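Asker:
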Amino acid sequence: MIRIFYIMIVWVLLISCQNTSNKSKKEMVVSSDVKHDKLLKPVKSWRLPTELKEISGLDYYSKEILACVQDEEGIIFLYDLEKGNIVKRIHFAGDGDYEGIAYDGKSFYVVRSDGKLFVVSENSELTKEYDIGFKSNVDVEGICLFESEKLLLAVKDIEDKKAKKKKCIYVYDLASKKLEDKEWTCVKEKEYGNKFSKIGFSGLSINPITNQLYVLSHRSKEMFIFSHKGNLKKIKKLKAKQFEQAEGICFSPSGQLFISSEGVKQPAMLFQFDKD
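All residue numbers for the sequence shown refer to our numbering, where the first residue is 69 and numbers rise by one.
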């Protein structure tokens with residue numbers, strides 16, 4: 069009887085160790101090849117005006133000027149970094165949940181969360197609207213230029229059973245005006261672990277110096293860095309106190325990083341970081 073008792077104890081301990089091992093594996097974040105780091109302190113910061121309290125996207129426009137959108141009004145705001153204020157407003161559409169902006173030197177590309185793309189000609193301020201082509205209801209949160217005649221789109225959520233266990237970046241072809249069938253890259257639940265549900269892509273931009281893609285996730289307070297081929301290379305942690313809701317990201321031609329944070333309990337903020 070005593071022998072059986074000891075055998076049962078050993079069996080319980082073995083099962084417990086196995087469960088602990090499985091739990092540890094589940095909690096591992098991505099792979100050991102991915103580096104983990106913290107975002108360095110900003111070299112400059114700006115308290116944004118009330119009009120940009122809900123800033124949701126930005127891109128580099130010209131020297132010391134960033135193009136911004138917010139998630140309520142169909143307006144492109146040109147923000148002067150030296151003056152610390154808005155110097156121009158471009159009205160392109162009615163009110164809506166606008167989440168990202170890209171600029172190619174001639175036109176602005178603004179994405180609405182429901183998967184609509186607005187192409188705004190800078191010279192004429194003429195606006196053309198396109199359906200990006202997602203087959204399911206979607207929440208698009210970011211946009212940036214990619215290669216020739218293409219855009220990358222960051223999707224926070226999508227009503228698709230196959231896509232529930234992954235967070236993806238998609239490619240839109242401007243020439244054909246079609247969404248490519250295959251995702252450009254994804255972060256998968258089985259690779260990331262039990263905190264996967266906290267990932268919510270909220271903005272993206274390509275570093276012009278390294279050609280790497282930087283993707284914000286405001287829900288998990290992280291920044292994912294991918295190679296130009298879509299391989300995850302690094303994850304940087306964002307300070308929760310500093311970034312209430314980080315949604316806007318862009319680079320200057322020289323590689324300086326800009327990140328905007330929507331105002332929730334605090335004013336909206338813009339931060340500049342040295343070359344990464």
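Built from N, CA and C at the ideal position, the CB exists for glycine as well.
Since the model is a prediction, treat every value here as computed from it, not as a measurement.
Out of 142, 169, 157, 140, which one is the CA nearest neighbour of residue 148?
Answerer: Of the listed residues, the one whose Cα sits closest to residue 148 is 157.
Asker: Can you name, in chain order, every residue of its own chain whose Cβ lies under 6 Å from the Cβ of residue 241, other than the five neighbours on each side?
Answerer: Correct list, in chain order: 218.
Asker: According to DSSP, is residue 118 part of a helix, a strand, or is it coil?
Answerer: Residue 118: helix per DSSP, three-state reduction.
Asker: Which stretch, first to last residue, makes up the alpha helix (DSSP H) that contains residue 245?
Answerer: From DSSP, residue 245 is part of no alpha helix (DSSP H); its letter is neither H nor E.
Asker: Between residue 274 and residue 102, is the Cβ-Cβ spacing less than 8 Å?
Answerer: No, the pair does not count as a contact, with Cβ atoms beyond the cut-off.
Asker: Let's see if you can read the secondary structure: which residues bound the beta strand (DSSP E) around residue 184?
Answerer: Where residue 184 is concerned, the enclosing beta strand (DSSP E) stretches over 184-189.
Asker: What number of angstroms, rounded off, separates the C-alpha of residue 294 from the C-alpha of residue 243?
Answerer: Whole-angstrom Cα-Cα distance: 25 Å.
Asker: Less than 8 Å between the C-beta atoms of residue 222 and residue 283, yes or no?
Answerer: Cβ distance < 8 Å, so residue 222 and residue 283 count as in contact.
Asker: Helix, strand or coil for residue 112, going by three-state DSSP, please let me know.
Answerer: Strand, per DSSP.
Asker: Let me check understanding here. Comparing Cα to Cα, which of 162, 228, 197, 196 lies closest to residue 206?
Answerer: Residue 228 is the option with its Cα nearest to residue 206.
Asker: Quick check on residue 288: buried or exposed, where buried means 16 or more other Cβ atoms within 10 Å of its Cβ?
Answerer: Buried: at least 16 other Cβ atoms inside 10 Å.
Asker: Using a threshold of 8 Å, state whether the C-beta atoms of residue 117 and residue 340 are closer than that.
Answerer: Not in contact: residue 117 and residue 340 (Cβ atoms no closer than 8 Å).
Asker: Taking Cβ to Cβ, would you say residue 183 is nearer than 8 Å to residue 166?
Answerer: The answer is no: Cβ separation not under 8 Å.
Asker: Jot down the residue ranges of each uninterrupted beta strand (DSSP E) in the region 113-182, minimum 3 residues, whole runs only, in chain order.
Answerer: Listed in chain order, the complete beta strand (DSSP E) runs (minimum 3 residues) inside the region 113-182 are 123-130, 133-138, 143-148, 153-159, 166-171, 175-180.
Asker: How would you call residue 159, buried or exposed, if buried means at least 16 neighbouring beta carbons within 10 angstroms?
Answerer: With fewer than 16 other Cβ atoms within 10 Å, it is exposed.
Asker: According to DSSP, is residue 217 helix, strand or coil?
Answerer: DSSP places residue 217 in coil when its eight states are reduced to three.
Asker: Going residue by residue through the region 231-308, where are the continuous alpha helix (DSSP H) segments of at least 4 residues, counting only ones entirely within it?
Answerer: Taking only runs of at least 4 residues, the alpha helix (DSSP H) segments lying wholly in the region 231-308 are 257-260.
Asker: Would residue 209 and residue 315 be called neighbours here (beta carbons separated by less than 8 Å)?
Answerer: Their beta carbons are under 8 Å apart, which means residue 209 touches residue 315 by this criterion.
Asker: Given a threshold of 16 other Cβ atoms within 10 Å of its Cβ, counted over all protein chains shown, does residue 334 qualify as buried or as exposed?
Answerer: Looking at its Cβ environment, which holds fewer than 16 other Cβ atoms inside 10 Å, residue 334 is exposed.
Asker: Could you give the DSSP three-state label for residue 224: helix, strand or coil?
Answerer: In the structure shown, residue 224 sits in a strand (DSSP, three-state: E or B).
Asker: Can you list, in chain order, the residues of its chain whose CB lies under 6 Å from that of residue 126, leaving out five sequence neighbours each side?
Answerer: Excluding sequence neighbours, residue 126 sits near 134, 136, 316, 318, 328.
Asker: Which residues mark the beginning and the end of the beta strand (DSSP E) in which residue 317 is found?
Answerer: 314-319 is the extent of the beta strand (DSSP E) around residue 317.
Asker: Grab me the residues of residue 119's own chain with a C-beta within less than 8 Å of its C-beta, minus the 5 sequence neighbours each way, in chain order.
Answerer: Once the five neighbours on either side are set aside, the close Cβ partners of residue 119 are 138, 145, 154.
Asker: Under 8 Å by Cβ, that's how I've got residue 255 and residue 300 pegged, so tell me the actual separation to the nearest angstrom.
Answerer: Contact flag correct, Cβ pair sits at about 7 Å.
Asker: Would you mind sorting residue 115 into buried or exposed? The rule is 16 or more other CB atoms within 10 Å of its CB.
Answerer: Classification for residue 115: exposed.
Asker: Determine the burial state of residue 194: buried for a count of at least 16 other Cβ atoms within 10 Å of its Cβ, exposed for fewer.
Answerer: Under this definition residue 194 is an exposed residue.
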